[in-house]
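Asks: Pasting a structure here, questions to come.
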DNA sequence: ATAATGTCTTTTATCGGGAAAAAACATTTT
DNA sequence: AAAATGTTTTTTCCCGATAAAAGACATTAT
């Protein structure tokens, strides 16, 4: 209807179209057509991922537990458990007869399914989409074309549509009714809006945390996290890249104290942004993480002191440096990066 | 995988399955198969809705403007405009020859497409879903079945899935990977979490609003809204039900002053809840709206005064009564409704 | 009688296809 | 040449179909 925005399709920079895994379905001897693209309706990544995790159980025991127990352990249905057991028997890993599941040999590296085949379609689409977004050349106002994205990634349009709908809550894209999506861009404005909410939410959560009763289980969780921080601090030179995972767990614990689903859910936005931001921007990663670990330790100490003013101060300080880190990595216009 | 929650499917209370409109496509003489359910892939509600709005233009003029202009006016593409013009000619409403589009007669009531046929699928699904949710019997922990919902509403599963994904950001449902959705319920906890965020966001937005420069266009918008409030206040007895629409416009104007997409977007959650809540709970609607209009007028006056302390106080007062109204309508457990 | 296994049914995830709507391109009119 | 109309192509929206995965039911073993 209107063509105010430049019609610049969001294209891949380095065009290695990730091919969807097309390996034959091994269990039950079924085959899936592939390059032909016909009839392939659902990949069996749930099975493959659970199978790989199941293999690791074989190292530890001489025989496997019951089917329902395995289901709980692997987080899948009994149907999938049985498919896994069937393959383990087929490849001579176990002897399976009703209740008895005896381990015959240790798994070899080639028993595992390749990592790429264990990803969900949503993960594949997200990665592919974010790569394009961050690879540069993805400017605000660009149109996003479902069909083109689907073709380039090699998936159906439905999956892309569903991904974009889910992704839209991150505030980076917006839908035009009966028409295309518009990229709003990973801009300085975005980062500022994001951090504004983050700071509001985290200050409130931190205060709620400090006010939690002595017997709340979160204090034990906090102790464990403190330990992990101390250990990481000691070996920071070698393990600095492990920080981002710890960072997320720490902040999620704090946010959960708010007991507010909107605050807790909002951390998904932050986590997503930080996840890709960390991957993208490795400059001074070690120094940044070293500082952050120390800030976390001060933060934890403040929480344990239950001194609300102290918590507030420490939290503000940490959020300020987090914001600074994020903003530094988003050059916009010709403004100098530092004040 | 696990069956901890009661398997109580979310069923309709009054089972009048809204049948999707199956009227023949009138333009171009095409027909759509229907009860058979075959091949019907997309309804032409965009065309029908735009056509109805187009009919109202005929009252005012002796001839219609150019196709692109009509497109802008009706918010549709030229393709749809031409389909509309074709039908208007077919039914003798206009004489259409290239640039000349002469109005021959005024539209009659039966020229309009029925209202139901102008709704989008998303609207149909949302209404149907919310009716069930609010009709009672929809308790927290219930499972939501995509296939069943789709069958009962009479639409495809894809549309239901997409709706549920979009709807999930309201915090009322949650997805179990590779499995069903879980209803979290329209509970007192939900209302409290919602209002907590709302209050945080609105206080901040109101402060930002009051700090806006003299020459910002929002002051004119505010003046217009003040007028509308005064007029409504004068005729409140007859027009009290028009308040909710005004309410939404007023609060959206305020939230927009935050210049934060997350704050602006969050008002969608509030608006959705209030929309259905107002429909559901008509108790003391007149009195409530009368109070709210007066609170809005005080709020507007405070904003115009630019006295931040006064804005804060008035805003808090209004939010408090809004929260009270919402909570009153959600009886939970056996607690008394009023303190 | 409880809990496992064996079997069958239902639901979810995903694709391809097709009509509606948008958008792009080509041609005419002012 | 600018802006309209006429024509063709592309994209969005939505459905039905199908394999994977979950779930329910039936049977057997402890």
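Residue numbers (the numbering used here), protein chains in the order written: chain A, 34 to 372; chain B, 34 to 372.
Ideal placement from N, C-alpha and C gives every residue a C-beta, glycine not left out.
So what does residue 214 of chain A bridge to, in DSSP terms?
Replies: A/177 and A/208
Asks: So with CB distances below 8 Å, who are the chain B contacts of residue 293 of chain A?
Replies: 226, 229 and 230
Asks: Rounded to the nearest angstrom, what separates residue 218 of chain A and residue 104 of chain B at their Cα positions?
Replies: 28 Å
Asks: Give me whichever residues DSSP pairs with residue 136 of chain B in a beta bridge.
Replies: B/127
Asks: Curious, which full-length alpha helix (DSSP H) runs of at least 4 residues does the region 187 to 273 of chain B contain?
Replies: 190 to 200, 221 to 243, 251 to 267 and 269 to 272
Asks: With a threshold of 8 Å between beta-carbons, can residue 195 of chain B be considered close to chain A, or not?
Replies: yes
Asks: Three or more C-beta pairs under 8 Å: does that hold for the region 221 to 232 of chain B against the region 328 to 336 of chain B?
Replies: no
Asks: Mind checking if residue 221 of chain B is an interface residue toward chain A, Cβ cutoff 8 Å exclusive?
Replies: no
Asks: How should residue 233 of chain B be labelled, buried or exposed, when 16 other C-beta atoms within 10 angstroms of its C-beta is the threshold for buried?
Replies: Buried: at least 16 other Cβ atoms inside 10 Å.
Asks: Leaving out five residues on either side along the sequence, give the residues of the same chain with a beta carbon under 7 Å from the beta carbon of residue 180 of chain A.
Replies: 190
Asks: In chain B, which residues lie less than 8 Å from residue 191 of chain A when you measure between Cβ atoms?
Replies: 191
Asks: Look at the alpha carbon of residue 84 of chain B and the alpha carbon of residue 167 of chain A, and state the distance between them as a whole number of angstroms.
Replies: 43 Å
Asks: If you measure beta-carbon to beta-carbon, which residues of the region 71 to 83 of chain B are closer than 9 Å to chain A?
Replies: 79
Asks: Name the residue from A/342, A/358 and A/140 whose alpha carbon lies nearest to the alpha carbon of residue 317 of chain A.
Replies: A/358
Asks: Quick one: grab the DSSP three-state call for residue 161 of chain B.
Replies: helix
Asks: Contact between the region 320 to 327 of chain A and the region 265 to 282 of chain A is defined here as three or more beta-carbon pairs at a separation below 8 Å; is this criterion met?
Replies: yes
Asks: Just reading off the alpha helix (DSSP H) that residue 7 of chain B is part of, what are its end residues?
Replies: This structure does not reach residue 7 of chain B, given that chain B is present from 34 up to 372, and the question cannot be answered.
Asks: Leaving out five residues on either side along the sequence, give the residues of the same chain with a beta carbon under 8 Å from the beta carbon of residue 196 of chain B.
Replies: 155, 158, 159 and 162
Asks: On a CA-only basis, which of A/82, A/127 and A/122 is nearest residue 107 of chain A? Give me that one, please.
Replies: A/82
Asks: How about residue 248 of chain B: is its C-beta nearer than 8 Å to some C-beta of chain A?
Replies: It does not: the Cβ of residue 248 of chain B has no partner Cβ on chain A nearer than 8 Å.
Asks: Determine the chain B residues that contact residue 198 of chain A at a beta-carbon separation under 8 Å, and present them in chain order.
Replies: 195, 198 and 199
Asks: Residue 204 of chain B touches chain A at which residues, Cβ-Cβ below 9 Å?
Replies: 294, 295 and 298
Asks: Whole angstroms are fine: how far does the CA of residue 182 of chain A sit from the CA of residue 283 of chain A?
Replies: 35 Å
Asks: Quick one, are the C-beta atoms of residue 241 of chain A and residue 290 of chain A less than 8 Å apart?
Replies: Between residue 241 of chain A and residue 290 of chain A, the CB-CB gap stays under 8 Å.
Asks: I'd like the list of long-range same chain contacts for residue 265 of chain B, defined as Cβ closer than 7 Å, with 5 residues on each side in sequence excluded.
Replies: 272, 275, 276, 279 and 326
Asks: At 8 Å on the CB atoms, spell out the chain A contacts of residue 233 of chain B, in chain order.
Replies: 233 and 237
Asks: Answer yes or no: does any C-beta atom of chain B fall closer than 8 Å to that of residue 211 of chain A?
Replies: yes
Asks: Per the DSSP calculation, residue 96 of chain A is bridged to which residue(s)?
Replies: A/135
Asks: When DSSP labels each residue in this structure, what does residue 318 of chain A get in the three-state scheme?
Replies: helix
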